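**Student:** This is the structure I want to talk about, given as structure tokens.
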Amino acid sequence: MKTFIFLALLGAAVAFPTGDDDDDKIVGGYTCQKNSIPYQVSLNAGYHFCGGSLINDQWVVSAAHCYKSRIQVRLGEYNIDVLEGDEQFINSAKIIRHPKYNAATIDNDIMLIKLNSPAVISSRVSTVSLPRACAAAGTQCLISGWGNTLSSGTNYPELLQCLNAPILSDTACRNAYPGKITSNMICLGFLEGGKDSCQGDSGGPVVCNGELQGIVSWGYGCAQQGKPGVYTKVCNYVDWIQQTIAAN
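Take the sequence shown: its letters are residues -15 to -1, 1 to 233, numbered as in mature numbering (1 follows the signal peptide of the UniProt record, and there is no 0).
This is the structure we're talking about:
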């Protein structure tokens, strides 16, 4: 990653392109236990480019900056370089970005993907709940993805990576990125640096107490001191998600 860019953490560098087309991964985390994140999906266009979350058997939530006109959703993945036998590869039927998504400010960075056939729910593929309320600062959450694991350099893992991180206060978030944080964004992570989502993680889940509270969206580098990851605040979009699904 480059120093002066906003990284859309699971998909692509969104604010200032620097030649790094694909986005962030987990830095400073650990290899997830197999089958422990059954709602995690990989968005594929001949290669993994973003993450996402299965919210019912036919719909996935991801980041709007991960948009492509055609996407294959890969469910039940753990080692994304190996066919392990329980994966489900399902093409997109509809891809719907939030109508107020702003690529310049990365506001409303949320997208819905309708699968062209329902996923088969199993021990390896299942859904995550939408939030019933917004999560408070200090809440511990689980971030996952196949993104870059290095804050300097590149190392994309085969196995799904996990990171436990707290939601930061709105004040800490705004102080880290003056003038950049909207009411639709939350920060997670560690101001001392060392742990973060990174390129390749974008669009992926932030789950707090069993609810999808965040989507990997952007940041300044990965795991940099004073620059936590920034995530789409999913609790602001529950009505839009439900209405969009009902209409499609």
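For each residue, glycine too, the CB sits at the ideal point set by N, CA and C. Small disclaimer: the values here were computed from a predicted structure and weren't measured.
What number of angstroms, rounded off, separates the C-alpha of L176 from the C-alpha of G206?
**Tutor:** Cα to Cα, L176 sits roughly 13 Å from G206.
**Student:** Could you tell me how far apart the beta carbons of K99 and S77 are, in whole angstroms, since I believe they sit closer than 8 Å?
**Tutor:** Yes, K99 and S77 are in contact; Cβ-Cβ is about 7 Å, under 8 Å.
**Student:** Pick helix, strand or coil for A49, following the three-state DSSP scheme.
**Tutor:** Here A49 sits in helix by DSSP.
**Student:** If you draw a straight line from the C-alpha of E69 to the C-alpha of Y24, how long is it?
**Tutor:** E69 and Y24: Cα-Cα distance of roughly 17 Å.
**Student:** Check whether the segment 115 to 130 and the segment 185 to 197 are in contact - that is, three or more C-beta pairs closer than 8 Å.
**Tutor:** At 8 Å Cβ cutoff, the stretches touch.
**Student:** Return the residue from the list G164, F74, V215 and N169 that minimises the CA-CA distance to G189.
**Tutor:** Ranking the options by Cα distance to G189, first place goes to V215.
**Student:** Less than 6 Å between C-beta atoms, sequence neighbours within five positions excluded: which residues of the same chain meet that for G61?
**Tutor:** Cβ within range, chain order: D71, E72, Q73, R109 and V110.
**Student:** Under the rule that 16 or more other beta-carbon atoms within 10 Å means buried, what is P84, buried or exposed?
**Tutor:** Result: exposed.
**Student:** Could you compute how far the alpha carbon of G14 sits from the alpha carbon of P103?
**Tutor:** About 32 Å.
**Student:** Judging by CA-CA distance, which residue of C35, S47 and Y63 is the nearest neighbour of K19?
**Tutor:** Per the Cα distances, Y63.
**Student:** Quick one: give me the first and last residue of the beta strand (DSSP E) that V223 is part of.
**Tutor:** Counting along the chain, V223 falls outside any beta strand (DSSP E), though it belongs to the alpha helix (DSSP H) covering V223 to A232.
**Student:** Only counting the same chain, and skipping five residues up and downstream in sequence, which positions put a Cβ closer than 8 Å to that of M96?
**Tutor:** If we look at M96 and ignore the five residues flanking it on each side, its Cβ neighbours are V46, S47, A48, A49, C51, Y52, I80, I81, R82, H83, Y86 and G188.
**Student:** Cα separation between D94 and I226?
**Tutor:** Whole-angstrom Cα-Cα distance: 13 Å.
**Student:** For L115 and S107, I'd like the C-alpha separation in whole angstroms.
**Tutor:** The straight-line gap from Cα to Cα measures roughly 19 Å.
**Student:** Would you identify the three-state DSSP class for N140, choosing helix, strand or coil?
**Tutor:** It is coil, neither helix nor strand.
**Student:** By Cβ distance below 8 Å, which residues in the same chain neighbour I56 in space, the five residues on each side in sequence not counted?
**Tutor:** The residues are L28, N29, A30, N76, S77, I80 and I98.
**Student:** Express the C-alpha separation of R159 and K165 in angstroms, rounding to a whole number.
**Tutor:** Approximately 7 Å between the Cα atoms of the pair.
**Student:** Using the DSSP secondary-structure output, state which residues sit across from Q25 in a beta bridge.
**Tutor:** Looking at the DSSP assignment, Q25 forms a beta bridge with S38.
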